[in-house]
Amino acid sequence: GTAAFPDSPVYTPFICGEESFGTGGDHVREKDGMFAVLAWLQILAAANPDESKPLIGVADIAKAHWAEYGRNYYARYDYEGVDKAGAEKMMAAMVEAQPGLIGTTIDGMKIAKADMFSYTDPVDGSVSKNQGVRFI
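When we follow our numbering, the leftmost residue of the sequence shown carries the number 369, and every step to the right adds one.
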């Protein structure tokens, strides 16, 4: 859809919006891989503005990112068709446990922050609350 292209001169999207990047049609069924390639091409182009200099590659960019921010780990679990009361009980238990887990080290990784994730859209300022339990 066109929702990823708001009429705002200050909005400079990286590539677009949601996972299909606002594209439609079935000529390419799974577009995520193609857009991941385009995203990396954009990153490489931005990292290599001077073509007379040696190429900065994906590995170089990843290592520089890790050196500055550390390694990124992400796990997402989607539960479908489960009992609502049981799911709500599990989520409440995770939220209740969060404060006691801050500062805990598990397999060499220290939990620095634990919260309920919310997202603020940088374009329109809308806030989506309670998007998941987060441990950082």
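We put the beta carbon where it would ideally sit given N, CA and C, even for glycine. Every value quoted in this text rests on a predicted model; they were computed, and no experiment measured them.
- Nearest to I429 by C-alpha distance, out of I411, M459, L469 and T488, is I411.
- Fewer than three beta-carbon pairs drawn from the segment 475–484 and the segment 451–458 are found closer than 8 Å, and the two stretches are therefore not classed as touching.
- In this structure, I424 and A415 form a Cβ contact; the two beta carbons are roughly 5 Å apart against a cut-off of 8 Å.
- The alpha-carbon separation between D451 and F503 amounts to approximately 24 Å.
- Within the segment 389–475, complete alpha helix (DSSP H) segments of at least 4 residues are found at 400–415, 426–437 and 452–469, given in chain order.
- The C-alpha of Y437 is placed about 27 Å away from the C-alpha of E419.
- The three-state secondary structure of S486, taken from DSSP, is strand.
- The continuous beta strand (DSSP E) containing G500 extends over residues V495 to F503.
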